[in-house]
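For the sequence shown, the numbering used here begins at 168 and goes up steadily by one.
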Amino acid sequence: MKRYISIITLFFITMIIHAPLVNATPLIEVFADETVTSSEILSVEFLDSVEQGEMELIVWHSNENSSLHISAASERAEDLNANTGDVFIQGISWNSSNGSIPTDLNSINITMDIQISNNGLISLQANTTLNEELASTVVLQWLLLKKEVAISEHPLGPLESKVASYHAWDSNINRTSGAENNWTHQIDVETLESWNLKNTGLIATVSLVSLDSNEIFGTESIEIPELIDSENNSKDLAISFLLVIAGLAGCVITVLSERRRQKDMPKIRPMIQWKDERCDYFIEINTGNASITISSIGGNGYWRYPEKELPLKIPSNSTKEIKIRKTAKIKSEPCTIRLDVEGHDRWVLDLEFPETNSTSR
Numbered sequence: 168m169k170r171y172i173s174i175i176t177l178f179f180i181t182m183i184i185h186a187p188l189v190n191a192t193p194l195i196e197v198f199a200d201e202t203v204t205s206s207e208i209l210s211v212e213f214l215d216s217v218e219q220g221e222m223e224l225i226v227w228h229s230n231e232n233s234s235l236h237i238s239a240a241s242e243r244a245e246d247l248n249a250n251t252g253d254v255f256i257q258g259i260s261w262n263s264s265n266g267s268i269p270t271d272l273n274s275i276n277i278t279m280d281i282q283i284s285n286n287g288l289i290s291l292q293a294n295t296t297l298n299e300e301l302a303s304t305v306v307l308q309w310l311l312l313k314k315e316v317a318i319s320e321h322p323l324g325p326l327e328s329k330v331a332s333y334h335a336w337d338s339n340i341n342r343t344s345g346a347e348n349n350w351t352h353q354i355d356v357e358t359l360e361s362w363n364l365k366n367t368g369l370i371a372t373v374s375l376v377s378l379d380s381n382e383i384f385g386t387e388s389i390e391i392p393e394l395i396d397s398e399n400n401s402k403d404l405a406i407s408f409l410l411v412i413a414g415l416a417g418c419v420i421t422v423l424s425e426r427r428r429q430k431d432m433p434k435i436r437p438m439i440q441w442k443d444e445r446c447d448y449f450i451e452i453n454t455g456n457a458s459i460t461i462s463s464i465g466g467n468g469y470w471r472y473p474e475k476e477l478p479l480k481i482p483s484n485s486t487k488e489i490k491i492r493k494t495a496k497i498k499s500e501p502c503t504i505r506l507d508v509e510g511h512d513r514w515v516l517d518l519e520f521p522e523t524n525s526t527s528r
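See the structure below:
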């Protein structure tokens with residue numbers, strides 16, 4: 168296998184699909200090593216489709232002893248439970264002995280556009296319209312990546328440790344049915360150079376990713392034409408984007424970071440318990456993998472918690488019920504709780520308690 172890892176426009180995306188699907192170029196992932204190449208694993212039909220641009224291909228070397236191994240390969244192999252010789256189409260295991268290419272491969276339809284101003288500002292635009300509601304764990308991810316890099320020169324390769332050949336970030340999504348999503352990101356040429364993304368051999372990719380699944384359902388990418396070398400005019404830098412394996416490492420890092428954040432977040436719910444004519448109010452807190460510290464509990468004088476017991480620290484992976492007192496009977500105001508999650512931003516929550524006479528605990 169060549170010393171270069173060649174990736175034909177890709178970015179792995181995942182999704183709980185109830186969204187519009189259209190025909191799209193499918194993505195093949197092959198797990199190989201230096202003794203078994205992708206050309207020995209894939210049939211001639213698959214290889215021809217890749218050559219003709221009908222399918223996109225990435226070859227993973229997940230064996231840490233391989234000279235072509237990078238950390239992203241190990242992470243992707245773990246996600247898919249893959250071994251050498253395994254083939255995945257759109258993130259789903261495919262038995263290469265079946266021979267024929269599946270014909271029912273679909274993808275979420277995302278369109279992209281790009282504009283470059285005279286002052287070197289690059290504007291990336293993407294949009295899609297959803298026919299059905301998406302799951303809450305779906306995020307939109309962007310990647311800027313190099314085209315083709317020798318593994319010895321690659322920032323994630325065995326000879327280097329500094330990550331600088333890709334950049335990734337997320338955008339919010341309106342997941343409701345019928346929602347028209349439009350995203351725009353602006354990047355100046357000097358920033359691209361600071362990420363070690365030069366003005367040739369680059370691609371911008373955007374994808375919808377589900378944090379609950381490793382299936383690949385589609386992606387969209389766009390090349391940016393080369394302009395003037397930034398050494399002569401940094402404001403007229405030429406950007407032309409194609410994807411390189413380090414980009415998937417960026418995607419994996421982003422997804423793992425979001426999964427960790429979700430696992431760290433606590434679950435909080437207000438509860439009410441009636442005993443005869445007396446009503447008790449509680450806040451149930453189930454912490455995740457991070458501990459929390461409650462700094463205040465109140466709400467315009469309508470709710471009270473002993474200040475001498477604050478701040479209140481609750482360890483990770485535990486459950487605690489906090490009993491609070493309502494100081495006014497004639498009006499119901501939200502109970503405001505302020506807390507810090509270890510390693511994350513501060514939370515400020517307004518809790519509404521049930522108004523029925525039923526027992527919620």
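Quick reminder that beta carbons are idealized off the backbone N, C-alpha and C, glycines included.
Please classify H228 as buried or exposed, where buried requires at least 16 neighbouring CB atoms within 10 angstroms. buried
DSSP state of V411, grouped into three classes? Any reading at V411 must be qualified, since the residue scores a pLDDT of 44, below 50, and its modelled position is unreliable; the value itself is stated next. Reduced to three states, the DSSP call for V411 is coil.
Can you tell me where the beta strand (DSSP E) with L518 in it begins and where it stops? 513-518
Please name the residue or residues paired with T503 in a DSSP beta bridge. G465, D517
Can the beta-carbon of I277 be found closer than 8 Å to that of T295? yes
I504 versus G510, I489, H511, T494, residue with shortest Cα-Cα distance: I489
Return the chain-ordered list of same chain residues with a C-beta closer than 6 Å to the C-beta of I354, the five sequence neighbours on each side being excluded. I289
Opening and closing residue of the beta strand (DSSP E) in which D447 lies: 445-453
Outcome for R436 when other beta-carbon atoms lying within 10 angstroms are tallied against a minimum of 16: exposed
What are the start and end residues of the alpha helix (DSSP H) that includes E387? Element bounds for E387: not the alpha helix (DSSP H) but the beta strand (DSSP E), 387-390.
State the Cα-Cα distance for the pair F520 and I275, rounded to the nearest angstrom. 40 Å
Those runs of the alpha helix (DSSP H) which lie wholly inside the region 190-230 and span at least 4 residues: 205-208, 211-218
At the level of alpha carbons, what is the spacing between G345 and S388? 23 Å
With T296 as the anchor, note down where its beta strand (DSSP E) starts and where it stops. 288-296
Compute the beta-carbon to beta-carbon distance between Y448 and I461, rounded to the nearest angstrom, for a pair I have assumed lies under 8 Å. Actually they do not touch by this definition, with Cβ atoms about 15 Å apart.
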